[in-house]
Amino acid sequence: MSNSSCSESKVKNCIDGKVKRAPVDVDTGAGFFLESSDDTIDTKTTKQGITIIHEPGPLIEVDNLFCEECNKEFLDSYLFSKFDHPVCDSCRDEEKHSLITKTDAKNNYLLKDEDFDKREPPLKYIVRKNPHNDKWGDMKLYLMPQVWKRVLEVWGNEESLEAAREERSSNREKAKQKKFNKKLKELRMSVRSSLWRKDLSGHQHEYGDEIYDEDEDMYSKTCTSCGHVWSYEKM
Numbered sequence: 001m002s003n004s005s006c007s008e009s010k011v012k013n014c015i016d017g018k019v020k021r022a023p024v025d026v027d028t029g030a031g032f033f034l035e036s037s038d039d040t041i042d043t044k045t046t047k048q049g050i051t052i053i054h055e056p057g058p059l060i061e062v063d064n065l066f067c068e069e070c071n072k073e074f075l076d077s078y079l080f081s082k083f084d085h086p087v088c089d090s091c092r093d094e095e096k097h098s099l100i101t102k103t104d105a106k107n108n109y110l111l112k113d114e115d116f117d118k119r120e121p122p123l124k125y126i127v128r129k130n131p132h133n134d135k136w137g138d139m140k141l142y143l144m145p146q147v148w149k150r151v152l153e154v155w156g157n158e159e160s161l162e163a164a165r166e167e168r169s170s171n172r173e174k175a176k177q178k179k180f181n182k183k184l185k186e187l188r189m190s191v192r193s194s195l196w197r198k199d200l201s202g203h204q205h206e207y208g209d210e211i212y213d214e215d216e217d218m219y220s221k222t223c224t225s226c227g228h229v230w231s232y233e234k235m
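Note that full-length UniProt numbering has the sequence shown beginning at 1, numbered continuously upward.
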């Protein structure tokens, strides 16, 4: 018997290089199954008389990608490969799909580090050298549409974000004013203390009780002998 023929003692139901196999149910995806019409498996007999059975490979389901701009199907794109953003290269727009640094996103939209890295899903980014100075740390660049979506998740709406911006700006102005007032108060106390020491050189004042002016937030004492008024502030 030639090597191309199949021996019944080696492989049952082998006819003309093919082996019968049990029917396979195929999922149609429409709620029912069809029995596979291909009921044979390709075989090959080696010189040693061993029959090799070639099973067909498994069916691999591939999720089709559709561009959210044009709704056309595509295989891959820059925005999808870098940011998992389903937009094809033809619809990629430099302005609409611009990139923003993490620092700018935090400052402009009042986001925290955990809003980028720990809130699900973490935002994807690409790393680029700082164009202003190579010695500075690398920049993390995020896709603006995804950042804006995260902003709305954090703040709810644009109005809430704007209110938070105004509150932060107001708090900063109050802090600056408070710091300025403190410096001015220290300067006044320094000047008045110097003037008071000069007065002591020609006359020894004897001050009466301390008086507090609530409107001016000032304290004063009056010399009982010459009537000199010493005004001062307390820290």
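We treat Cβ as the ideally placed atom computed from N, Cα and C, and that holds for glycine.
Cβ atoms of residue j and residue i: under 9 Å apart, would you say?
i      : j      : result
Tyr142 : Lys112 : no
Ser220 : Ile211 : yes
Arg128 : Met139 : yes
Leu110 : Leu161 : yes
Gln146 : Phe66  : no
By a C-beta neighbour count over all protein chains shown, 10 Å radius and 16 as the cutoff for buried, is residue i buried or exposed?
i      : result
Lys234 : exposed
Cys88  : buried
Ala105 : buried
Asp115 : buried
Ile100 : buried
Arg150 : buried
Lys20  : Only weak support is given to the placement of Lys20: the predicted model assigns it a pLDDT of 49, under 50, and the question is left unresolved by the model.
State the Cα-Cα distance for the pair residue i and residue j, rounded to the nearest angstrom.
i           : j      : result
Leu152      : Glu158 : 7 Å
Val154      : Ser77  : 29 Å
Arg165      : Lys96  : 24 Å
residue 264 : Lys183 : Residue 264 cannot be examined here, being either before or after the span of the chain that is shown, 1 to 235.
Lys124      : Gln177 : 40 Å
Ser231      : Arg188 : 10 Å
Asp215      : Gly156 : 44 Å
Arg172      : Asp217 : 24 Å
Glu68       : Trp136 : 37 Å
Asn71       : Ser170 : 45 Å
Ala163      : Trp148 : 17 Å
Asp63       : Leu75  : 10 Å
Asp117      : Ile126 : 14 Å
His228      : Lys174 : 36 Å
Pro121      : Asn108 : 21 Å
His205      : Glu186 : 24 Å
Ser90       : Asp134 : 33 Å
Asp93       : Lys179 : 46 Å
Asn130      : Glu73  : 36 Å
His85       : His132 : 28 Å
Glu167      : Ser98  : 28 Å
Val191      : Cys223 : 19 Å
Asp213      : Arg119 : 54 Å
I need the boundaries of the alpha helix (DSSP H) containing residue i, first residue and last residue.
i      : result
Leu152 : 144 to 155
Ser81  : 78 to 83
Thr103 : 102 to 109
Glu114 : 113 to 117
With respect to the beta strand (DSSP E) encompassing residue i, which residues constitute its N-terminal and C-terminal limits?
i           : result
Asp213      : 211 to 213
residue 247 : No answer is possible for residue 247: the residues shown for the chain start at 1 and end at 235.
Val229      : 229 to 232
Tyr207      : No beta strand (DSSP E) holds Tyr207; DSSP gives it neither H nor E.
Lys135      : Premise fails: Lys135 is in no beta strand (DSSP E) and is neither H nor E.
Thr222      : 218 to 222
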